Amino acid sequence: MGTQLIHAVVDGVLTGGVYALMAAGLTLIFGVMDMINIAQGILVVLGAYLSYVLSVHLGLDLFVGLAVTIPALFVVGVVVEWTFMRRLRERERTAMSILVTYAVALIIEGVLSIVFGVNYVQLHAWYVDRSVYVLGFYLPYIYLFGFALAAVLLGALYAMLYRTRFGASVRASLQDRTAARLVGIDVARVSTICFGLGVAVTAAGGMVFGATNAFNPNTGYDLISRLLTIVILGGLGSIGGALGAAVLMLVLEDVVSVVWSPVWSAVVFFAVLVVVLSIRPVGLFGRSMARAQ
Amino acid sequence: MNGLTPPTAGASRAGARLPGARRAQGVAWLVFGAFLIAFPALFTNPTITSIAVFTLIFMTSTTAWNAFSGYSGYLALGHAAFFGTGAYTLAVLTTDLHTPGGYGVFWFVPLGGVVASLAAIPVGLVALRTRRHTFVVITIAIFFIFQLLATNFSFTGSSSGEQTPTPSWSAAGYNDRFYYAALVCLAIALALAVLIRRSRFGLQLLAIRDDEDRAAGLGVRVTRVKLVAFVVSAFSVGMVGAVYAYFLGQIYPQFAFDPLFDLTIALMAFLGGLGTLSGPLLGAMLLEPLQQYFTLQFSAGDVYLIVYGALFLVVILLMPRGIVPAVTDFVATRRVRRSNLAEQVALGQGGTQEVASGPAVADQVQAVPGGA
């Protein structure tokens, strides 16, 4: 039991890091644009399938393949933003963005089902199949590598946001779109790039997810509901909050599945959101949500 | 406030200004109702009547969803939880009570609605504390809790689902019983929607949609109004969910609690016109047969997903308010222009060509039941 608990916590922290990366993309998009990208879940699956194609058909290493899939998904994000999101009217942005990205998710799901079928697949590489002995249990290398990748990318995202000029304009748009526009920031361009970045992280997230879980085109629903839970708990728009909530929730889920039952761990995941929001409607780490629209 | 602002008020005002429009609307609704009642007599092909049953189920669900989300502006994406609750109420109770298949099973349909609305009370109490996107996400989360519960509990048959009694009636006209059961549900959902829309209660809902804080300041008991609308909306959805379970004969957690259902009813309402009475009906009548057609044609639903998503994107971008408000506005401006033109013709200034095309357009539009 003791070892199992430690295992659950370590496992939760490591997978939590990857979820934090995927959720950071979602929360970045929301923070800058007031939009919720429901397609984030299926885009993670798309990222996983792209890695799958590169590794199976071209024999590329999963991590090397990211050099292709991250830019590819960045482009997907930019195209989606450019074709649909920026055409939504200002007043109804949040609600409409949910429906539009849901529609985009359906299209992607349909295409993936036609191309790959509904059979579950999983990514393979030596570090997926081989394990390392830590703290009394075996852990596949991919968990460590995936966590490291997530940490590096989150660090890069953080550095971009807080150490560059572009980051400053992103944060300005995050605080107040109108004021940002007034001081000469091209908010439309910032939005497009942020949407692209928010989607691009799903390539890395999808690769690690696909290496640690079997997936099919339907997996997107489960993913997006978890990611939404995480970003709401973390307080929408807050990247640090998403990080904390992701690790917390994944650890909680793993611990519940050890001490109670794996069957109920998923219920606990959503139940926590319901309980937290009925006590604190702004989420665990959220500041006041009075971002008047 | 909540980001959803369907143009009901404007559209109905435009409708009321037109001479005879109200009467024409009444006639259109009567014709439409007569058509729905006569439908099984006109079409006996079981494939078509089966599609009709599914269409009625979605017409009811969308109407009920719209009575809450369309009027209050709260975008709920978890109504499949109530649909599934209704379906499971019928399936579990008839199995446990060993109800023989037959008309008696239909008594469990209103019960499904009651159980669904009882389930909606705690859900609404929690979810309606939040607004806008948080509300959307929490309804999605609660929906997944329902789905997981149905998958995990043993009394719901876990992942293997539940069977409903086999109906006793013969194959000829087999679907008709379900058709009329669903039609009754639709009538109830429509009656509830009209009641809400025409009442003081409905005005309070619309006030919440426009500015919740101001409505609260003016004395609207916002929490109670929202909750009642939410529960009423869950009732019709639960009823029609029960019909669905009996019609299919076997339900599984993934199908009774389908995340696609949440989106489908929202898309149908948006396509037809959010916050209107006829819009959700029109949306369901266009999309559900389309889905059934694609399912029959390509066996797998993948192509349908693409078509569906693409169609919705086109509608959102070209007609963001939906078909009914767009058409209503078009007709209203057309009529005004025509009466202006008529004056000009009387003055001998021409423009006869456009005058001639006017009535044809108006006739087409009358085929759409109602106006706003």
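Order-wise, the sequence lines are chains X and R.
As numbered in the working numbering, the first sequence has no gaps in its residue numbers, which increase by one up to the final residue, 1209.
As numbered in the working numbering, the second sequence has no gaps in its residue numbers, which increase by one up to the final residue, 584.
Glycine included, C-beta positions come from ideal geometry on N, C-alpha and C.
Predicted model only: the values in this text are computed from it and were never measured.
Problem - Neighbour-count burial assignment, serine 372 of chain R, 16 or more Cβ in a 10 Å radius - result: Locating residue 372 of chain R in the second sequence gives position 160, counting from the first residue. Exposed: under 16 other Cβ atoms inside 10 Å.
Problem - alpha helix (DSSP H) runs wholly inside the segment 415-469 of chain R, at least 4 long, in chain order - result: 424-429, 434-460, 465-468
Practice task
Please state whether DSSP places valine 327 of chain R in a helix, a strand or coil.
Solution key: Sequence index remark: in the second sequence, residue 327 of chain R carries index 115 (1-based). Here valine 327 of chain R sits in helix by DSSP.
Exercise for the section: Consult DSSP for valine 1192 of chain X and reduce its assignment to one of helix, strand or coil. Expected result: Stepping through the first sequence from its first residue, residue 1192 of chain X is reached at position 276. In this structure, valine 1192 of chain X counts as helix in the three-state DSSP scheme.
Exercise for the section: Would you kindly work out how many angstroms separate the C-alpha atoms of glycine 562 of chain R and alanine 554 of chain R, rounded to a whole number? Expected result: The residue given as residue 562 of chain R occupies position 350 in the second sequence. The residue given as residue 554 of chain R occupies position 342 in the second sequence. Because the pLDDT at glycine 562 of chain R is just 48, under 50, the model does not fix this residue reliably, and the point stays unresolved.
Handout entry: Residue from R/Gly487, R/Pro258, R/Met531 whose Cα sits closest to the Cα of aspartate 422 of chain R
Key = On the second sequence, residue 422 of chain R is found 210 positions in, with the first residue counted as 1. For the residues R/Gly487, R/Pro258, R/Met531, the minimum Cα distance to aspartate 422 of chain R belongs to R/Gly487.
Exercise for the section: Below 8 Å on the Cβ atoms is my guess for alanine 964 of chain X versus glycine 1136 of chain X; work out the distance and round it to an integer in Å. Expected result: In the first sequence, the residue the question calls residue 964 of chain X occupies position 48. In the first sequence, the residue the question calls residue 1136 of chain X occupies position 220. Actually they are not in contact, since the Cβ atoms of alanine 964 of chain X and glycine 1136 of chain X sit about 10 Å apart, beyond 8 Å.
Exercise for the section: Anything in chain R within Cβ reach of valine 1016 of chain X, meaning under 9 Å, just list it in chain order. Expected result: Along the first sequence, read from residue 1 onward, the residue named residue 1016 of chain X stands at position 100. Neighbours of valine 1016 of chain X on chain R, chain order: Phe524, Leu525, Ile528, Leu529.
Problem - Backbone secondary structure at valine 961 of chain X - three-state DSSP - result: Indexing the first sequence from 1 puts residue 961 of chain X at position 45. In this structure, valine 961 of chain X counts as helix in the three-state DSSP scheme.
Handout entry: Bridge partner(s) assigned by DSSP for leucine 1055 of chain X
Key = Reading the first sequence from its first residue, position 139 is the one you call residue 1055 of chain X. Bridge partners of leucine 1055 of chain X: X/Val1048.
Problem - For valine 1037 of chain X, the three-state DSSP class (helix, strand or coil) - result: Here the question's residue 1037 of chain X lines up with position 121 in the first sequence. Correct three-state label for valine 1037 of chain X: strand.
Problem - the segment 1033-1050 of chain X touching the segment 527-543 of chain R, judged by at least three CB pairs closer than 8 Å - result: no
Handout entry: isoleucine 1014 of chain X versus R/Thr342, R/Leu489, R/Val335, R/Thr346, residue with shortest Cα-Cα distance
Key = One-based indexing of the first sequence puts residue 1014 of chain X at position 98. Per the Cα distances, R/Thr346.
Exercise for the section: Could you please give the first and the last residue of the uninterrupted alpha helix (DSSP H) stretch that includes histidine 923 of chain X? Expected result: For the purposes of this step, residue 923 of chain X is taken as residue 7 along the first sequence, with counting starting at 1. It spans 918-949 - the alpha helix (DSSP H) in which histidine 923 of chain X sits, taken as one unbroken run.
Practice task
Could you check which residue in R/Gly484, R/Thr507, R/Gln509 has the C-alpha nearest to that of methionine 497 of chain R?
Solution key: Looking up residue 497 of chain R in the second sequence gives position 285. The shortest C-alpha separation from methionine 497 of chain R is found at R/Gly484.
Problem - Cβ contact (3+ pairs, closer than 8 Å) linking the segment 927-934 of chain X and the segment 942-959 of chain X - result: no
Exercise for the section: Return yes when the Cβ of alanine 1162 of chain X is within less than 8 Å of the Cβ of alanine 955 of chain X, no when it is not. Expected result: Locating residue 955 of chain X in the first sequence gives position 39, where the first residue counts as 1. Locating residue 1162 of chain X in the first sequence gives position 246, where the first residue counts as 1. The answer is no: Cβ separation not under 8 Å.
Problem - Sheet register partners of valine 1169 of chain X (DSSP bridge) - result: The residue given as residue 1169 of chain X occupies position 253 in the first sequence. Note that residue 1169 of chain X is glutamate in the sequence shown, not valine. BP columns for glutamate 1169 of chain X are empty, so no partner.
Problem - Beta-carbon gap between alanine 362 of chain R and proline 471 of chain R smaller than 8 Å - result: What you label residue 362 of chain R is simply residue 150 of the second sequence in a count that begins at 1. What you label residue 471 of chain R is simply residue 259 of the second sequence in a count that begins at 1. No; because the gap between Cβ atoms is not below 8 Å, this pair is not in contact.
Practice task
Pull up the CB-CB distance for glycine 450 of chain R and alanine 328 of chain R, whole angstroms please, since I reckon it's below 8 Å.
Solution key: Locating residue 450 of chain R in the second sequence gives position 238, counting from the first residue. Locating residue 328 of chain R in the second sequence gives position 116, counting from the first residue. Indeed, because the Cβ distance is near 2 Å, the residues count as touching under 8 Å.
Problem - Paired residues, beta bridge with phenylalanine 251 of chain R - DSSP - result: Here residue 251 of chain R is taken as the residue at index 39 of the second sequence, counted from 1. DSSP, once it has assigned bridges, lists no residue as partnering phenylalanine 251 of chain R.
Exercise for the section: Provide the residue span of the alpha helix (DSSP H) that contains phenylalanine 524 of chain R, from first to last. Expected result: On the second sequence, residue 524 of chain R is found 312 positions in, with the first residue counted as 1. Taken as a continuous stretch (DSSP letters only), the alpha helix (DSSP H) holding phenylalanine 524 of chain R covers 514-530.
Exercise for the section: Give the single residue among X/Glu1169, X/Arg1196, X/Leu944 whose Cα lies nearest to the Cα of alanine 1158 of chain X. Expected result: Translated into the one-based positions of the first sequence, residue 1158 of chain X becomes position 242. Checked all of X/Glu1169, X/Arg1196, X/Leu944; the closest Cα to alanine 1158 of chain X is X/Leu944.
Practice task
Can you pull the chain X residues whose beta carbon is under 9 Å from the beta carbon of alanine 353 of chain R, in chain order?
Solution key: Taking the second sequence and counting its residues from 1, one reaches residue 353 of chain R at position 141. Residues of chain X passing the Cβ test: Ser1141, Leu1144, Thr1145, Ile1148, Phe1185, Phe1186, Ala1187, Leu1189, Val1190, Leu1193.
Exercise for the section: Taking the CB atoms as reference points, tell me whether serine 1141 of chain X and isoleucine 263 of chain R lie closer together than 8 Å. Expected result: Taking the first sequence and counting its residues from 1, one reaches residue 1141 of chain X at position 225. Taking the second sequence and counting its residues from 1, one reaches residue 263 of chain R at position 51. No, Cβ-Cβ distance for serine 1141 of chain X and isoleucine 263 of chain R is not below 8 Å.
Problem - Cβ contact check for the segment 502-512 of chain R and the segment 291-307 of chain R: 3 or more pairs under 8 Å - result: no
Exercise for the section: Could you tell me the boundaries of the alpha helix (DSSP H) in which histidine 291 of chain R lies? Expected result: Numbered from 1 along the second sequence, position 79 holds the residue referred to as residue 291 of chain R. It is not in any alpha helix (DSSP H) - histidine 291 of chain R carries neither H nor E in the DSSP assignment.
Problem - Short CB-CB distance (under 8 Å) between tyrosine 520 of chain R and chain X - result: For this step, residue 520 of chain R is matched to residue 308 along the second sequence. Yes, its Cβ sits closer than 8 Å to a Cβ of chain X.
Practice task
Specify the secondary structure class of phenylalanine 1000 of chain X as computed by DSSP and reduced to three states.
Solution key: Position 84 of the first sequence, counted from the first residue, corresponds to residue 1000 of chain X. Residue state, collapsed to three classes: coil.
Handout entry: Min CB distance valine 1020 of chain X to chain R below 8 Å
Key = Position 104 of the first sequence, counting from 1, holds the residue named residue 1020 of chain X. Closer than 8 Å to some Cβ of chain R, the Cβ of valine 1020 of chain X qualifies, so yes.
Practice task
Enumerate in chain order the residues of its own chain whose CB-to-CB distance from alanine 457 of chain R is below 6 Å, with the five nearest sequence positions on each side excluded.
Solution key: Here residue 457 of chain R refers to the residue found at position 245 when the second sequence is read from its first residue. The answer, listed in chain order, is Ala299, Leu302, Ala303, Thr376, Ile463.
Practice task
Tell me where the alpha helix (DSSP H) around phenylalanine 277 of chain R begins and ends.
Solution key: In the second sequence, the residue the question calls residue 277 of chain R occupies position 65. The residue asked about is misnamed: residue 277 of chain R is tryptophan in this sequence, not phenylalanine. Counting along the chain, the alpha helix (DSSP H) containing tryptophan 277 of chain R begins and ends at 258-284.
Practice task
Under 8 Å Cβ to Cβ from valine 991 of chain X, same chain only, skipping five residues before and after it: list those, please.
Solution key: For this step, residue 991 of chain X is matched to residue 75 along the first sequence. Excluding residues within five positions, the ones whose Cβ falls inside 8 Å are Gly1112.
Problem - Opening and closing residue of the alpha helix (DSSP H) in which alanine 383 of chain R lies - result: Numbered from 1 along the second sequence, position 171 holds the residue referred to as residue 383 of chain R. Premise fails: alanine 383 of chain R is in no alpha helix (DSSP H) and is neither H nor E.
Exercise for the section: Evaluate contact between the segment 1025-1037 of chain X and the segment 999-1010 of chain X, counting only Cβ atoms and requiring at least three cross-stretch pairs below 8 Å. Expected result: no
Exercise for the section: Indicate whether tyrosine 391 of chain R and valine 265 of chain R have their beta-carbon atoms separated by less than 8 Å. Expected result: If you number the second sequence from 1, residue 391 of chain R lands on position 179. If you number the second sequence from 1, residue 265 of chain R lands on position 53. Yes, they are a contact pair.
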